[in-house]
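Asks: Numbering (our numbering), first residue to last: 2 to 103. All residues carry an ideal CB built from backbone N, CA and C; glycine is no exception. Here you go, one structure.
Here's what the structure looks like:
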């Protein structure tokens, strides 16, 4: 088994149409910005926003964007992540088993 490496990831990225790269890039940028606004990575005095409600909302937005990134990227790259509900061809795992299987 050979797990795809950085060059495989880069090749997959470069293979995206421009609109897909833009969409993923915008989601990633907003996710990082929302994390910045939430201030979770900072000491309380260093947070860019002090309002707890705004920080909470930014943290929730960051979580939604992370979920969106996973969905978009996994769906766009079945060779890396596998078809929906299956492991990729490079995986040494047999994949999901039917209920009740030994």
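1) Below 8 Å on the Cβ atoms is my guess for residue 25 versus residue 73; work out the distance and round it to an integer in Å.
2) Beta-carbon within less than 7 Å of residue 5's beta-carbon, same chain only, minus the 5 sequence neighbours each way: which residues are those?
3) Between the C-alpha atoms of residue 22 and residue 14, what's the straight-line distance to the nearest angstrom?
4) Return yes when the Cβ of residue 38 is within less than 8 Å of the Cβ of residue 49, no when it is not.
5) Just the C-alpha distance for residue 7 and residue 57, rounded to the nearest angstrom, thanks.
6) Here's the rule I'm using: 16 or more other beta-carbon atoms within 10 Å means buried, otherwise exposed. How should residue 35 be labelled?
7) Specify the secondary structure class of residue 18 as computed by DSSP and reduced to three states.
Replies: Checking against the coordinates, here is how it stands:
1) Yes, residue 25 and residue 73 are in contact; Cβ-Cβ is about 6 Å, under 8 Å.
2) Answer for residue 5: 81 and 91, listed in chain order.
3) Take the alpha-carbon of residue 22 and the one of residue 14: they are about 7 Å apart.
4) Yes.
5) As the crow flies, the alpha-carbon of residue 7 is around 34 Å from that of residue 57.
6) Burial check for residue 35: the Cβ neighbour count within 10 Å reaches 16 or more, so the residue is buried.
7) Here residue 18 sits in coil by DSSP.
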